[in-house]
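Here is the structure we will look at, set down as structure tokens.
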Amino acid sequence: MNYKAESVIFEDPSGFLSAYADKYDEEKILKNLGKEWVIANNSIKPYPCCARIHSVVNAFLEILKGKNIEPEQVESIEAEINTTDYEELGVGEDSDKHPSSVAEAQFSVHFALAAALANNCLTLDEYTDRYVKLGNWKKYMHLVSLKTNKEFDKVYPELWPALITVALKDGTRYKQYIEHTIGKPENPFTWDAECEKFRSLVYEIYSDKRIEQITSFIRNLDKIDNVGELFGILKNDK
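Numbering-wise (the working numbering), the sequence shown opens with residue 41 and increments by one.
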């Protein structure tokens, strides 16, 4: 079936470009058309919270990775971020230090780091009403502190860096700097990491077998003759 459309839908005075900008450069828009796929530069959120927190969490979990650090061993967790993020997130406000809802927790750096310490991860399981109100993260909130880093202000918003310093009670100190959080085009997910992210979101409605079936289908999408088959395996099997 063929469809007809307006031939000047983009450049017409009432078209797409005028709807989004008073001024635009057609040469920039058409540059590398058909060669460069901007959609491939999308970010995938690694954690179910405000994107401004991701670099902080990423850096902290990198420190925890493979070190078998128990929460009781930690003396302090210090995070350094840019001034804009510090102010936009309301660092130090009551909703940051003592979030009472999932919505507040999603914008709380203190919650994110305390929950990540308690569970060695940060997933949707941490962002539930029950966990926010009753979770073990509250035991570690006092360990977290934040401050601004003026050097980070110089590169923001092109970069959203974060520096985490974790001090243990035995005197050991760990530092981790993140320039591009995982999931950004500059630091993309591996396929295995994407599958793990997917699993963490759907394990309550799909069996392990179905999750493997779906991810395998997507992995080989370019070899599939009928993508409609995907809808047949997306049905809840639990």
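All C-beta atoms in this analysis are idealised placements derived from N, C-alpha and C, irrespective of residue type, glycine included.
For this session: Please name the residue or residues paired with residue 227 in a DSSP beta bridge.
Result: 224
For this session: Grab the span of the beta strand (DSSP E) containing residue 213 for me, first residue to last.
Result: 213 to 218
For this session: Would you kindly check if the distance between the Cβ of residue 218 and the Cβ of residue 202 is under 8 Å?
Result: yes
For this session: May I have a chain-ordered list of the alpha helix (DSSP H) segments no shorter than 4 residues that lie completely inside the segment 110 to 140?
Result: 123 to 128, 134 to 137
For this session: Have a look at residue 107 and residue 224 and give me their C-alpha separation to the nearest angstrom.
Result: 25 Å
Problem set entry | Buried versus exposed, by CB contacts within 10 Å (16 or more), residue 158 | buried
Problem set entry | Cα-Cα separation, residue 144 to residue 135 | 6 Å
Problem set entry | C-alpha distance - residue 278 paired with residue 75, whole-angstrom precision | 42 Å
For this session: Along the alpha helix (DSSP H) that carries residue 190, what are the first and last residues, could you check?
Result: 190 to 195
For this session: Look at the alpha carbon of residue 51 and the alpha carbon of residue 83, and state the distance between them as a whole number of angstroms.
Result: 28 Å
Problem set entry | Any non-hydrogen atom of the ligand FMN within 7 Å of residue 89 CB | The ligand FMN is not part of the structure shown, which contains no ligands of any sort.
Exercise. Which word fits residue 264, buried or exposed, when buried means at least 16 other C-beta atoms lie within 10 angstroms of its C-beta?
Worked result: exposed
Exercise. If you pair each beta-carbon of the segment 253 to 264 with each one of the segment 109 to 129, do three or more pairs fall below 8 Å?
Worked result: no
Problem set entry | Whole runs of the alpha helix (DSSP H) within the segment 161 to 192, excluding any shorter than 4 residues | 169 to 174
For this session: Would you kindly report the start and end of the unbroken beta strand (DSSP E) that includes residue 204?
Result: 202 to 208
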